[in-house]
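Before any comments, here is the structure.
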Amino acid sequence: GLLPLIEPAEAPRWWSEPIFCGWGQMRYDYRRDHLGHENGSFINVTSYCTELRYRNYLTALEQAGIDPGTVIIDMGWAREAARATPDPDRWADMRGFIDEQHSCGRRVLLWFTPFVAEGLPVDACMTLDGEVVAPDPTSPRYAEILEAELNRMLSAEEGCLNADGLKIDFSQSVPSEDGRFVNRLTHFAALINETDHSLMYPRLSAGRSNLIRTAEPLWGIELLHRTMSLVYRGAKAAKAEAMIVAHTANPYFADVLDVLRLNDLDGDCEDVLGVMRN
């Protein structure tokens, strides 16, 4: 009874249509082309997020009689993680691709993580001893940048991508002072790093005395909620029907996302529905 009651709004019908996410096929293709391996890191798979591959994926689905209502363009489409500019070597015309999907009656979501600082100035970031740790959702500079990038992703204005929502990823990567993951989130590889100490900052338990600096004294779950709030409000301002998918399952986050993501299943799994129900 501590949280405010949120009256559920009527969801747009397209939110309930089947979704095709390209990530699983990207990984499958990459392993097929690299002797069953991902060269030590699934981050390498992001090189397969290309316009040609997604066109081929949709052609294969159509030939099999499958017409997804929504397509997710997954990790690797952007030139820089914190920005909304498509990688020109992978996407020749993302706006054209998205508009084309709209003409087929489909919607398009873009993969996005608000936890990687690649492409951001220092004053938009949390820092430790002057070095960037991650985007800082309490920084007015970051809030300004994020709002502009969300508009570029979702608005139908000229020069914007006109996507229909976001698949938010890596919400477990909010920085910690002494947690399992203590990485300077300056690029994708740091999201999963547990061995490369050059990407890590010292834990408090190792004798560090300085704390990670944020513009406002906010930390822990409140920092994550602030991040999701910035994303959600900015997305809805750009496109009111935008679908925000995230794996923040705690009811405290009911006001900052629309669809709960149950995450991936890696490896062998004979009881997919059982795992998902759990």
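Position one of the sequence shown corresponds to residue 740 (our numbering), numbered consecutively onward. Every residue, glycine too, gets a C-beta built ideally from N, C-alpha and C. Treat the numbers as computed from the prediction; the structure is a model and nothing was measured.
Around the CB of residue 760, 16 or more other CB atoms lie within 10 Å, so the residue is classed as buried. Between residue 901 and residue 837 the beta-carbon gap is near 5 Å, inside 8 Å, which marks them as a contact. Cβ neighbours of residue 754 within its own chain (closer than 6 Å, five residues either side excluded): 982. Around the Cβ of residue 971, a 10 Å sphere holds 16 or more other Cβ atoms; the residue is buried. In this structure, residue 816 and residue 908 do not form a Cβ contact; the two beta carbons are roughly 12 Å apart against a cut-off of 8 Å. Residue environment analysis places residue 847 among the buried positions, since at least 16 neighbouring C-beta atoms fall within 10 angstroms of its C-beta. With fewer than 16 other beta carbons inside 10 angstroms of its own, residue 933 counts as exposed.
With fewer than 16 other Cβ atoms inside 10 Å of its own Cβ, residue 802 counts as exposed. Taking C-alpha positions only, residue 821 is separated from residue 928 by approximately 14 Å. According to DSSP, residue pairing for residue 759 in a beta bridge involves 810.
When DSSP states are grouped into helix, strand and coil, residue 866 belongs to the strand group.
The bridge partners DSSP lists for residue 922 are 939. Residue burial is scored here from C-beta neighbours: residue 1015 has fewer than 16 other C-beta atoms within 10 angstroms and is therefore classed as exposed. Around the CB of residue 825, 16 or more other CB atoms lie within 10 Å, so the residue is classed as buried. Per DSSP, the beta-bridge partners of residue 851 are 907. Across the structure, residue 854 and residue 839 are spaced so that their CA atoms are roughly 30 Å apart.
Comparing alpha carbon positions, the residue from 808, 963, 1008 and 856 closest to residue 989 is 963.
The beta carbons of residue 873 and residue 887 sit about 19 Å from each other, so the pair does not count as a contact at 8 Å. The beta carbon of residue 823 sits closer than 7 Å to the beta carbons of 817, 888, 891, 892 and 900 from its chain, once the five residues preceding and following it are set aside; these are given in chain order. Of the candidates 844, 845 and 880, 880 places its Cα closest to the Cα of residue 861. For residue 884, the three-state secondary structure derived from DSSP is helix. With respect to the 8 Å criterion, residue 913 and residue 939 are not classified as neighbours on the basis of their beta carbons. For residue 923, the number of other beta carbons within 10 angstroms of its own is at least 16, and it is reported as buried.
When rounded, the separation of the alpha-carbon atoms in residue 809 and residue 950 is 42 Å. Per the coordinates, the alpha-carbon of residue 911 lies some 11 Å from the alpha-carbon of residue 918.
For residue 983, DSSP records a beta bridge to 905. In the three-state DSSP reduction, residue 999 falls in the strand class (E or B). Exposure of residue 1011 is indicated by the presence of fewer than 16 other C-beta atoms within 10 angstroms of its C-beta.
Just so you know, the alpha carbons of residue 957 and residue 905 end up roughly 25 Å apart.
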